[in-house]
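Protein chains: 2
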Amino acid sequence: MANITKKVSWSSRADESGAAGEGTPLLNGSEQPRHSRQPSEGGSLCQIGRLSTVDLEEEITSDEESQRGRPKEIPHNEKLLSLKYESLDYDNIENQLFLEEERKMSYMGFRCLEISRWVVCGLIGFLTGLIACFIDIVVEQLAGIKYQVVKENIEKFTEVGGLSISLLLWAVLNSAIVMLGAIIVAFFEPIAAGSGIPQIKCYLNGIKIPRVVRLKTLVVKVGGVICSVVGGLAVGKEGPMIHSGAVVAAGVSQGRSTSLKRDFKIFEYFRRDTEKRDFVSAGAAAGVSAAFGAPVGGVLFSLEEGASFWNQMLTWRIFFASMISTFTLNFFLSIYHNKPGELSNPGLINFGRFQGGLLGALFNVLNYWLTIFRIRYVHRPCLQVMEAMLVAAVTATVSFTMIYFSNDCQPLGPEHTEEYPLQLFCADGEYNSMATAFFNTPERSVRSLFHNQPGTYNPLTLGLFTLTYFFLACWTYGLAVSAGVFIPSLLIGAAWGRLCGILLATITPDGSIWADPGKYALIGAAAQLGGIVRMTLSLTVIMVEATGNVTYGLPIMLVLMTAKIVGDYFVEGLYDIHIKLQSVPFLHWEAPATSHWLTAREVMSSPVTCLNRIEKVGTIVDTLSNTSTNHNGFPVVVKVSGSDEVLARSLINHRSLFAPALSRQVFVELARSRLTQRKLQLKDFRDAYPRFPPIQSIHVSQDERECMMDLTEFMNATPYTVPQETSLPRVFKLFRALGLRHLVVVDDENRVVGLVTRKDLARYHLGKHGLEELQLAQT
Amino acid sequence: MANITKKVSWSSRADESGAAGEGTPLLNGSEQPRHSRQPSEGGSLCQIGRLSTVDLEEEITSDEESQRGRPKEIPHNEKLLSLKYESLDYDNIENQLFLEEERKMSYMGFRCLEISRWVVCGLIGFLTGLIACFIDIVVEQLAGIKYQVVKENIEKFTEVGGLSISLLLWAVLNSAIVMLGAIIVAFFEPIAAGSGIPQIKCYLNGIKIPRVVRLKTLVVKVGGVICSVVGGLAVGKEGPMIHSGAVVAAGVSQGRSTSLKRDFKIFEYFRRDTEKRDFVSAGAAAGVSAAFGAPVGGVLFSLEEGASFWNQMLTWRIFFASMISTFTLNFFLSIYHNKPGELSNPGLINFGRFQGGLLGALFNVLNYWLTIFRIRYVHRPCLQVMEAMLVAAVTATVSFTMIYFSNDCQPLGPEHTEEYPLQLFCADGEYNSMATAFFNTPERSVRSLFHNQPGTYNPLTLGLFTLTYFFLACWTYGLAVSAGVFIPSLLIGAAWGRLCGILLATITPDGSIWADPGKYALIGAAAQLGGIVRMTLSLTVIMVEATGNVTYGLPIMLVLMTAKIVGDYFVEGLYDIHIKLQSVPFLHWEAPATSHWLTAREVMSSPVTCLNRIEKVGTIVDTLSNTSTNHNGFPVVVKVSGSDEVLARSLINHRSLFAPALSRQVFVELARSRLTQRKLQLKDFRDAYPRFPPIQSIHVSQDERECMMDLTEFMNATPYTVPQETSLPRVFKLFRALGLRHLVVVDDENRVVGLVTRKDLARYHLGKHGLEELQLAQT
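Those protein sequence lines, which keep their order, are chains A and B. Everything in the first sequence is counted per UniProt numbering, starting at 1 for the first residue and increasing by one. Everything in the second sequence is counted per UniProt numbering, starting at 1 for the first residue and increasing by one.
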């Protein structure tokens with residue numbers, strides 16, 4: 001797997017859209033900031049695997065070449081960390097403007113803000129519920145129409161024996177629908193592909209994934225997921241709901257839509273990374289809540305993904321959003337159709353745990369190889385659309401073949417739960433069980449597997465179904481379509497779980513105690529899903545809430561725990577694999593255990609470009625335009641004042657006290673306003689947030705370059721700093737717990753010696769054989 | 001309520017036990033460190049409401065007076081913060097010894113540690129489950145015996161008309177049992193009083209409550225709660241389980257018992273505050289899990305109380321402990337008796353929300369006044385025992401009176417769930433409904449209220465029962481007995497909920513849709529409990545898990561949310577009230593909203609006693625013995641090296657670069673070892689943890705005082721520091737998120753100017769009219 005090439009699909013369009021890129025201040029990909037890692041003047045000890053500047057130049061050359069002729073491919077291996085991703089700043093920038101505003105605000109003002117937060121969370125829940133409702137109804141309607149068309153066709157041709165025409169119709173219909181979904185995803189918004197859960201995980205972790213929470217993404221996501229599900233792919237609509245909830249939250253909390261160019265002039269206080277993140281976590285929770293009817297599970301999902309910034313009030317607000325979301329969905333769906341759609345009363349077993357872990361790990365390994373293949377060969381949008389169509393056609397063909405050769409006929413009793421039973425070659429009053437499993441939407445199939453009477457499925461059907469569906473689902477995840485992996489996993493697990501149940505019932509003498517294979521289906525489903533995504537707490541609650549019964553929460557927990565432990569032995573969870581393959585600088589919960597011997601001096605980036613408190617405009621513009629700096633925050637240093645002699649000494653010693661980290665964007669705003677002779681206010685930053693203009697968009701004349709600019713008002717006068725002897729775990733803890741973007745490293749006399757950024761910390765990770773260091777690269 | 005006197009009961013014995021007090025290094029209460037808050041030399045701006053030294057002297061005088069003659073009473077008002085509580089250090093002290101150990105440890109070593117953590121969590125769950133099982137069985141047995149005795153007596157005297165003798169027997173029996181429980185609590189371990197939940201909240205918050213996690217506390221707690229429940233008080237055994245779980249966790253994770261003088265030489269790595277806290281949160285979760293059969297609810301309980309330090313692995317470990325705990329309990333109980341003890345299938349309503357909030361607030365206000373009264377007048381152990389006996393007698397009398405005048409006879413059907421039905425004046429085949437409600441353990445009564453057929457209770461019975469039980473429960477909480485408030489709250493709520501249900505059924509024309517009053521009972525119970533304790537997320541899950549049905553999770557959530565909002569409008573939650581009344585320096589989740597104008601310079605304690613890196617033993621001993629320092633950590637400062645001239649200048653400027661905060665205890669160990677010419681190791685600290693000996697226990701001769709001591713090995717070389725201009729919310733965030741004990745404040749040239757401790761931050765709180773500042777006092 002070493003040194004294959006890759007193209008990063010998450011933000012492949014960032015390079016194309018250039019200046020409009022969310023927070024990307026540069027005009028095109030080749031001008032993006034380069035990471036120059038030179039040993040600090042103080043003599044850095046850390047030389048392990050660090051890229052020299054020469055390496056970087058080579059890469060950039062090949063990058064530029066690729067843009068001219070051949071498809072954009074860059075050297076890639078497992079041990080790479082992309083420099084492309086910017087960080088979000090989850091630490092409030094406490095500059096003078098901010099502090100003044102806070103000081104002016106009355107007690108009542110803060111109360112009102114708190115109330116607005118609740119209102120926004122309510123809105124997030126409401127809108128997320130509505131979207132879930134919309135997706136549900138549209139999928140049902142379209143699937144119904146498709147079913148009618150195909151069924152009539154099949155019935156017509158079953159008699160005359162020309163089933164191949166039916167197959168063709170089915171495959172073409174599915175492919176066409178999937179094509180539509182793939183086209184909007186691949187050509188209009190590639191970030192809307194997949195479930196979106198890894199991206200939301202990254203966002204909550206503090207990584208800016210371009211366009212992940214835009215309105216356009218939401219629209220494409222909703223459209224895409226409808227097409228995928230109706231197109232008969234082995235996908236679910238649940239994962240995308242989580243992403244949708246997050247987008248809704250990011251939109252509503254900002255009180256405007258940049259895409260629609262509407263600004264409602266409300267919630268302006270929330271226009272910064274910290275507040276936005278809190279709402280996005282509420283949105284993700286509301287999404288889970290709407291997808292599974294699991295409000296508590298939603299809260300726990302957000303918790304498992306981002307607990308480091310949680311507090312009690314936030315927990316409650318998120319809970320509120322989840323609650324409203326479920327309630328809205330239930331309310332509107334019950335208006336639409338009056339049937340309770342819940343799974344109910346599966347029974348207790350504690351069985352099938354190991355299979356879940358093993359099969360989950362197998363799924364992940366296969367999908368890993370497939371993703372590597374895709375990164376290498378399937379990176380053009382048209383190829384992606386074709387692959388999606390191919391999968392749709394193959395899915396239809398395989399299903400059809402299976403159905404054709406299956407002779408598992410079941411009586412069409414009064415209590416059957418299938419909405420779309422297919423008779424095929426069965427006798428009147430019977431339906432083809434295999435056909436039903438394939439022909440229904442996956443949600444319905446799962447429900448049937450949990451619910452149906454013993455004897456509804458025969459073992460051969462289930463075995464074949466498991467096998468084929470396993471590979472289809474594995475192939476499908478990672479396609480350029482909006483799709484979730486929850487429901488397919490549940491379906492695979494339910495199928496083999498039920499199979500195990502049936503087999504147990506036949507081989508044991510006292511078959512009656514193993515009577516209900518539905519129980520096994522539930523446990524198998526939990527095991528399979530747990531083995532693939534590796535969540536435990538939230539997944540337990542989601543399963544319990546989705547099935548509406550806590551009686552057997554305990555076996556579900558045990559199964560999920562075991563599946564996680566067994567699976568972790570072989571390979572990571574699916575989402576983590578995808579995050580890793582994108583070379584995202586994801587910060588885990590804790591620093592690698594064996595990293596105490598590393599200190600801030602060794603991990604930091606240095607030298608750091610510093611600015612003076614009163615600085616020449618030219619210097620500022622040059623600093624910001626210089627893309628070879630590897631950080632977007634610049635410490636502002638102040639000379640120690642006192643007698644002339646001390647001042648002189650300070651200059652010689654370069655004694656700078658320290659070091660407020662400000663972002664590139666803030667300076668841009670600053671420079672622009674200064675040039676127009678206007679006093680800059682916090683409002684200016686809020687209006688521009690989060691799409692700050694690039695420095696290149698400002699024209700600075702030679703006269704203006706000579707002006708002096710006072711940075712006092714805009715700098716964060718009290719940034720967090722650490723001494724250079726601080727151990728990596730300690731730096732990591734500070735950085736992660738407070739959601740920092742830059743951490744200034746100072747020496748004993750408070751001079752700036754370096755800057756720790758997310759990438760410096762994410763480089764170190766614990767491999768199979770102890771601490772490993774990832775390489776940094778412009779991917 | 002202003003300026004009444006108080007005696008702090010949580011640690012009233014700390015003053016008596018003196019040198020043996022956990023981490024209290026001083027010989028008696030009057031010698032405890034005094035807080036001298038003088039403006040810093042640099043000229044502190046903060047003079048608001050700060051105690052001058054004169055005020056303090058006056059207080060201490062009155063304190064000393066009180067010790068001579070009259071009961072120890074000190075001036076107390078709402079705006080006081082006690083200086084008595086030490087903090088725990090949830091930030092690892094990364095000194096040279098620690099770092100060396102970590103560096104030596106292999107990758108496998110860390111893996112083994114991780115596995116031990118899981119094993120410890122498993123053990124915690126197992127033992128907590130066993131204790132719950134033990135309490136349950138003993139309570140059942142004893143309650144059964146008591147019931148038999150009283151019942152036979154009543155039956156004997158009902159015929160001859162001498163019920164007053166029965167009353168007497170009942171009252172005396174109850175009082176005697178309660179007396180036993182009150183005596184062990186009041187005389188042997190006062191910290192075991194109440195539910196223990198506020199104390200565990202404080203522990204997780206980082207406050208050292210003396211003796212809260214000792215084995216003796218556990219024994220007294222278990223014995224006490226059995227007596228309280230069997231003695232017929234209006235209490236539950238659930239709150240104490242949470243405390244018991246925490247004690248088990250603190251004990252098991254340390255691999256030894258100081259009380260029993262057994263050291264198993266295992267888990268030595270876990271002998272520090274950070275690790276211990278993680279396990280204690282797992283123990284608390286296991287306690288909830290055992291008490292309510294709610295493993296997920298347990299995890300959420302720990303989360304709501306201490307989320308700031310959470311990470312994913314810890315969440316999973318805590319979840320594991322919870323799971324094991326429930327499983328153990330169920331396993332052993334099912335061996336003991338084979339009947340499922342679950343509440344099941346209440347129905348959906350969303351009603352009674354406002355009452356819950358209002359009644360909860362009323363409960364809290366009444367209990368607040370009562371607690372003030374108790375603090376003032378009922379502080380001697382014998383008085384406390386007498387009050388407990390009085391309550392027991394009154395409870396018995398009131399119950400008896402109610403039963404006597406009640407004529408609510410119900411048929412003793414085949415499906416009745418009462419284990420102890422009382423016939424009294426009812427016809428044969430019937431039982432007295434009121435008698436049953438009072439006579440059963442509260443858990444059983446709650447179950448009956450949820451479960452029983454419509455018509456089992458008549459409205460008058462329920463109304464009277466609610467009224468009396470409300471006041472009894474309110475009076476009972478805060479007595480010197482081990483007792484929980486969960487079950488009484490549920491019982492009150494269930495009673496008025498059922499009452500509302502019955503009334504609704506009678507006044508509405510279509511009574512059938514309001515048919516099941518059990519639903520109302522459930523919702524009422526949730527509302528009442530939510531109104532009293534004000535938890536939402538965890539309580540929802542606990543209720544759902546305890547009732548075994550998620551169908552109506554949504555109405556429970558809505559009810560809890562509303563109860564919280566309504567209740568918060570009037571008064572805080574019960575636990576917060578009790579924490580506040582103890583003047584505990586509890587840190588809430590965030591700094592008060594309006595505090596941005598305060599900076600570290602204003603909140604910090606100064607001047608700070610600093611030590612040199614190489615210091616004279618005499619100076620160290622004097623510093624540690626000097627009880628007028630208001631902090632237990634001492635920055636170690638180092639002169640800037642360089643040319644002679646610079647060094648001289650450094651001395652004049654007092655330019656000290658930094659500032660490792662070390663605790664008093666560490667120095668004690670250090671001084672002792674140095675004097676015995678032995679090299680100190682990390683093991684020495686671990687062996688002494690957490691009961692470090694006081695400095696007075698070390699005799700230092702005049703020669704020894706002249707020795708020099710090198711502190712390099714023991715100081716935390718890279719403490720977190722903040723500049724003095726840092727705003728309070730920023731300081732607060734750093735302090736709270738990282739669980740610090742001391743935070744060093746430095747000026748621009750890295751000289752130590754002050755130290756921020758927990759008390760400095762806890763002083764500021766948001767009152768009704770904006771920011772208020774609490775006074776610090778030796779209470």
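Every residue gets a Cβ at the ideal spot worked out from N, C-alpha and C, and that includes glycine.
In this structure the stretch 227 to 244 of chain A does not touch the stretch 90 to 109 of chain A; the number of beta carbon pairs closer than 8 Å is below three.
Scanning B:A593, B:R256, B:V636, B:L740 for the CA closest to the CA of F309 of chain B turns up B:L740.
Within the stretch 413 to 483 of chain A, complete beta strand (DSSP E) segments of at least 3 residues are found at 430 to 432, given in chain order.
Secondary-structure assignment with DSSP links N612 of chain A through a beta bridge to A:V637. Think of a sphere of 7 Å around the beta carbon of Y107 of chain A: the chain B residues whose beta carbon falls inside it are T594, G770, in chain order. The residue from B:Q453, B:N364, B:V178, B:A494 with its alpha-carbon nearest to that of T466 of chain B is B:A494. 8 Å or more divides the Cβ of F319 of chain A from the Cβ of A546 of chain A. Two segments are said to touch when three or more pairs of C-beta atoms, one from each, lie closer than 8 Å; by this definition the stretch 272 to 287 of chain B touches the stretch 85 to 99 of chain B. Residue range 409 to 411 is occupied by the beta strand (DSSP E) that includes P411 of chain B. At a cut-off of 8 Å between beta-carbon atoms, K146 of chain B makes no contact with chain A. At least one C-beta of chain A is nearer than 8 Å to the C-beta of D748 of chain B.
Contact check for R317 of chain A against R117 of chain A passes: the beta carbons are separated by less than 8 Å. What P723 of chain B touches in chain A, judged by beta-carbon distance under 7 Å, is T718, going in chain order. Assignment of G283 of chain B by DSSP, reduced to helix, strand and coil, places it in the helix class. The three-state secondary structure of V212 of chain A, taken from DSSP, is coil. Taking a C-beta distance under 8 Å as the contact criterion, N716 of chain B and E94 of chain B qualify as a contact pair. For R272 of chain A, the number of other beta carbons within 10 angstroms of its own is at least 16, and it is reported as buried. Rounded to the nearest angstrom, the gap between the Cα atoms of K768 of chain B and T721 of chain A is 36 Å. With 16 or more other CB atoms across the displayed protein chains lying within 10 angstroms of its CB, A186 of chain A is buried. In the DSSP assignment, L303 of chain B falls within the alpha helix (DSSP H) that extends over 295 to 306. Not one beta carbon of chain B lies nearer than 8 Å to the beta carbon of N205 of chain A. Separation of V149 of chain B and E155 of chain B (C-alpha to C-alpha, rounded to the nearest whole angstrom) is 10 Å. Counting only Cβ-Cβ distances below 7 Å, E94 of chain A has contacts in chain B at S727, R730, in chain order. Between L743 of chain A and K733 of chain B, the CB-CB gap reaches or exceeds 8 Å. By the rule that beta-carbons nearer than 8 Å mark a contact, W589 of chain A touches chain B.
In terms of Cβ geometry, Y457 of chain A and S433 of chain A form a close pair [threshold 8 Å]. Listed along chain B, the residues sitting closer than 8 Å to E304 of chain A by beta-carbon distance are Q312, T315. Pairing G618 of chain A with F634 of chain A, the inter-Cα distance amounts to about 15 Å.
A straight-line Cα-Cα distance of about 7 Å links V172 of chain A and A393 of chain A.
Under the 10 Å beta carbon count, T757 of chain B is surrounded by 16 or more other beta carbons and is classified as buried. Chain order gives the chain B residues near A737 of chain A as A737, L738, where near means a beta carbon separation below 7 Å. Setting aside the 5 residues that flank it on each side, A521 of chain B is surrounded in the same chain by L449, F450, A494, G497, R498, each with a C-beta closer than 6 Å to its C-beta; the list follows chain order.
The C-beta of K733 of chain B comes closer than 8 Å to at least one C-beta of chain A. Of all alpha-carbon atoms in B:V212, B:N153, B:K759, B:A176, the one lying nearest the alpha-carbon of I165 of chain B is that of B:N153.
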